[in-house]
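What follows is a short report on a single structure.
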Amino acid sequence: LRARLPFLGRGYRPMEKSKQVHGSLAREYGAFLGLLSSCQDGVSLLERHSVYQNLRTLAACHSKDYITIMVVPNMCFSFAANRAYVQEVLRVGSQNARLAVCSV
């Protein structure tokens, strides 16, 4: 995973189980990204720091579906960059990720 996501530092430790997300502050990252995705300045910030690119990489990694499923419902679809991310999830995501997109 580290080879595909170069922003992960040497001290990066993945969560052992997706269930740990719900017991930590990581569950709030989806809401935070959703807030940023709802205004032009936030979308510009996400683009400038390659967040969309990293989210696309995670969408293609089916073992990280719980992250995609947390992020997608919080996205604001008023901006083209957010719609492009959701389109990528529909294209390369797992069945569960695509179901999360369709249920929004």
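Residue numbering for the sequence shown is 2 to 105, as defined by our numbering.
Note that beta-carbon positions come from the ideal geometry of N, C-alpha and C, so glycine has one too.
Quick check on DSSP: helix, strand or coil for residue 76?
Per DSSP, reduced to three states, the secondary structure at residue 76 is coil, with no helix or strand assignment.
7 Å Cβ shell around residue 48 - same chain, five flanking residues per side excluded:
82.
Residue from 76, 64 and 75 whose Cα sits closest to the Cα of residue 94
For the residues 76, 64 and 75, the minimum Cα distance to residue 94 belongs to 64.
Answer yes or no: do residue 101 and residue 58 have a C-beta to C-beta separation smaller than 8 Å?
No, the Cβ-Cβ distance between residue 101 and residue 58 is not below 8 Å.
Taking all protein chains shown into account, decide if residue 33 is buried (16 or more other Cβ within 10 angstroms of its Cβ) or exposed.
Residue 33 is exposed by the Cβ-count criterion.
Taking only the alpha-carbon atoms, compute the straight-line gap between residue 97 and residue 31 and give it to the nearest angstrom.
Computed Cα separation, rounded: 17 Å.
Alpha carbon of residue 104 to alpha carbon of residue 36, nearest angstrom:
One alpha carbon belongs to residue 104, the other to residue 36, and they sit about 19 Å apart.
Compute the distance between the beta-carbons of residue 76 and residue 86, then report whether it is under 8 Å.
Yes, these two residues count as a Cβ contact at 8 Å.
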